[in-house]
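For the sequence shown, the numbering used here gives the first residue as 48, with consecutive numbering after it.
For each residue, glycine too, the CB sits at the ideal point set by N, CA and C.
Model, not experiment: these values are computed from the prediction.
This report concerns only the one structure given below.
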Amino acid sequence: MKFYTLRIQAFFTTLLLVELLLLIPAWLCADTLHVPDEFPTVSAAMNAASPGDEVLVGPGWYNESVVMSPGVSLVGAGPDSTLIDGGPSPAIVCAEGSSVGQLRLISGSTLATLYSQDVSATIWSNEVSGLGSGILCTGGTIVAVGNSLHDNYYSGILVHGCDARIDQNLAYFNDIDGILCFQSRVEITGNFCFGNAHAGINCRKGTVADVEGNVTQSNHHTGVFFIRSTGSALGNDSSRNAQMGFQAVDSTDVTLESNSIIENFQHGVRLSNSSGRVLGCTVRCNGSAGIYITNGSDIVVSGNILERNFSGGVLIERNANAVLMNDYYHRNYTSGLSVLSSATAETANETMLEDRLNGLYCEQANHVTLRRCMLLRSHWMGIASIDSQVEMSNCVVAGTFFNGVSSQGSSFEVSNNVFFAIPLACILCQDPGPHTIVNNIFSNAEHA
């Protein structure tokens, strides 16, 4: 009996030891493999590695295409010291749970220099260039942090059908986009994208994107571009791009908030056949309109600074609809707000100061309402309306160089407003169209 008792105790002791061994973290059992000290090539070390191992690559130029092993980390001595040249193939092909960092990667592959397909991978602190995309991820999950992606013949980073976090990368001088996303869910934060041949950041075809805290400057098309996508752009600096600072086309529920959109060659923001909101942005010194809303878009514009834009602060046309509240317009070179071509605008608490032509210009607009707006010191007229329907109440029009309000071929309802310091007519109606003018205060002229 004693013999069997001892055997049972030994069995349970062995079982307990096995369970304890299974609980030991993998990193305690991990090995570090050194190239070239222990292995002559990176691929040889990778083939010998097990999940949890780390392959350290010393300084040197390695001519090989490395296929990662699952769960293995590949770390160089720094992009200035360790270079992997994939030749006609990608320099790196990722595996599930792999990590790649501190390498200079080049290749002649027209697909990508670093390729990840249907796996989870982390790519950090590398310098990447080549004849395709710098980093290409199709399916799976990718984390790309702190990489430098430049002079790629396609885009710096391209993700398709992925969940991706793209953070604090430098993407410049790529022949398409700095960062390009298709049908993905992406967080794009803290990146600097400049000098790319198309967009700094481009989200397309069903992408859901959170774009926050990025700098997109001097790109040859648009700073941040949404096409048939949805998401938000928060706290970005999108300036001095050759076309637009931000653009959304055929997109839904897009939010732009607290962005700096300055000195873009065309529009600061262009929204075409899209829905969403523009909130608290600084839109200044753009070569065309500060915010351009067109082609049936439905947009809320609130709390923005719109200053010194060449074709006006906000331009709405082509059946678009906008609600505008609490915006500040200053010294825009045509009108502060223009509503044209069957568009509709509802405004409240807007301040339009020293715009170079009119505070508000309407031509063939469906319907425009102004409530509690200030139109001050416009260099032409406070409001100029041609063939439009306009309602104006509880507004102040003051200090214009010519008329306060000019109406030609329009339906105009003007009630409970204050006009003062107007050198010519406070209200000039140049046709017998339907006008309602009641309960206004005129300080220095009779309305016509």
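Asked: Nearest to F466 by alpha carbon, out of G292, F489, P137 and T160?; Found: F489
Asked: Under the rule that 16 or more other beta-carbon atoms within 10 Å means buried, what is H268, buried or exposed?; Found: buried
Asked: Determine, using beta carbons only, whether G118 and G144 come nearer to each other than 8 Å.; Found: yes
Asked: For chain B, find out if any of its Cβ atoms is closer than 8 Å to the Cβ of L217; answer yes or no.; Found: Checking the listed chains, one finds no chain B in this structure; it contains a single protein chain.
Asked: Any idea what DSSP makes of L70, helix, strand or coil?; Found: Summary for L70: the model assigns pLDDT 46, below 50, so the residue's position carries little reliability; its value from the coordinates is reported in the next sentence. Here L70 sits in helix by DSSP.
Asked: For V25, which residues in the same chain have their Cβ closer than 6 Å to its Cβ, ignoring the five residues on either side in sequence?; Found: For residue 25 there is no data in the structure shown, the boundaries of the chain being 48 and 495.
Asked: Please name the residue, chosen from F357, G292 and V82, that lies closest to N306 on a Cα-to-Cα basis.; Found: G292
Asked: So, under 8 Å CB-CB, S382 and G350 are touching, yes? Tell me the CB distance rounded to an integer number of Å.; Found: No, S382 and G350 are not in contact; Cβ-Cβ is about 20 Å, not under 8 Å.
Asked: If you follow the beta strand (DSSP E) that M93 is part of, which residue opens it and which one closes it?; Found: Segment V89 to A95 is the alpha helix (DSSP H) holding M93; no beta strand (DSSP E) there.
Asked: First and last residue of the beta strand (DSSP E) that includes W108?; Found: G107 to N110
Asked: Output needed for N486: all residues of its chain with C-beta closer than 7 Å, excluding positions within five of it in sequence on either side, in chain order.; Found: S462 and N463
Asked: Write down every uninterrupted run of the beta strand (DSSP E) in the segment 333-405 whose length is 3 residues or greater and which is fully enclosed by it, in chain order.; Found: 338-341, 345-349, 352-354, 361-363, 368-372, 375-377, 384-387, 391-395 and 398-400
Asked: Given this structure, state the Cα-to-Cα distance separating W74 from G148, to the nearest angstrom.; Found: Unreliable positioning characterises W74 in this predicted model, as indicated by a pLDDT of 46, which lies under 50. The coordinate reading is nonetheless provided below. Distance between the alpha carbons of W74 and G148 is about 18 Å.
Asked: Can you tell me which residues form a DSSP beta bridge with V166?; Found: G187
Asked: Could you check if W108 is buried or exposed, using at least 16 other CB atoms within 10 Å of its CB as the buried criterion?; Found: exposed
Asked: Could you tell me if T157 is buried or exposed, where buried requires 16 or more neighbouring beta carbons within 10 angstroms of its beta carbon?; Found: exposed
Asked: According to DSSP, simplified to helix, strand and coil, what is D478?; Found: coil
Asked: Quick one: is Q477 buried, meaning 16 or more other Cβ sit within 10 Å of its Cβ, or exposed?; Found: exposed
Asked: In angstroms, rounded to a whole number, what distance separates the CA positions of L423 and Y375?; Found: 11 Å
Asked: Nearest to S167 by alpha carbon, out of S146, G179 and D297?; Found: S146
Asked: Going by DSSP, what residues sit across from H207 in a beta bridge?; Found: T185 and F229
Asked: Rounded to whole angstroms, what's the CA-CA distance from G203 to P87? Just pull it up for me.; Found: 30 Å
Asked: Tell me, to the nearest whole angstrom, how far the beta carbon of H245 is from that of I223; I am working on the premise that it is less than 8 Å.; Found: 5 Å
Asked: With G480 and G451 assumed to form a contact (beta carbons below 8 Å), what rounded beta-carbon distance in angstroms separates them?; Found: That belief does not hold up - the Cβ atoms of G480 and G451 are roughly 18 Å apart, past 8 Å.
Asked: Does H426 come out as helix, strand or coil in the three-state DSSP assignment?; Found: coil
Asked: With DSSP as the reference, please indicate the residues paired to E234 in a beta bridge.; Found: R212 and D257
Asked: Would you list the residues sitting across from Q455 in a DSSP beta bridge?; Found: I433
Asked: Distance check for M372 and V330, CA to CA, integer angstroms please.; Found: 15 Å
Asked: Is T483 helix, strand or coil when you go by DSSP?; Found: strand
Asked: Can S279 and T299 be called in contact, C-beta distance under 8 Å?; Found: no
Asked: Could you tell me which residues DSSP pairs with M439 in its beta bridges?; Found: L417 and V461
Asked: Would P106 and S128 be called neighbours here (beta carbons separated by less than 8 Å)?; Found: yes
Asked: Tell me V102's beta-bridge partners as DSSP assigns them.; Found: L80 and L121
Asked: On the CB-based measure, 16 or more other CB atoms within 10 Å of its CB, does N243 come out buried or exposed?; Found: buried
Asked: Are E234 and R212 touching if we call contact CB-CB under 8 Å?; Found: yes
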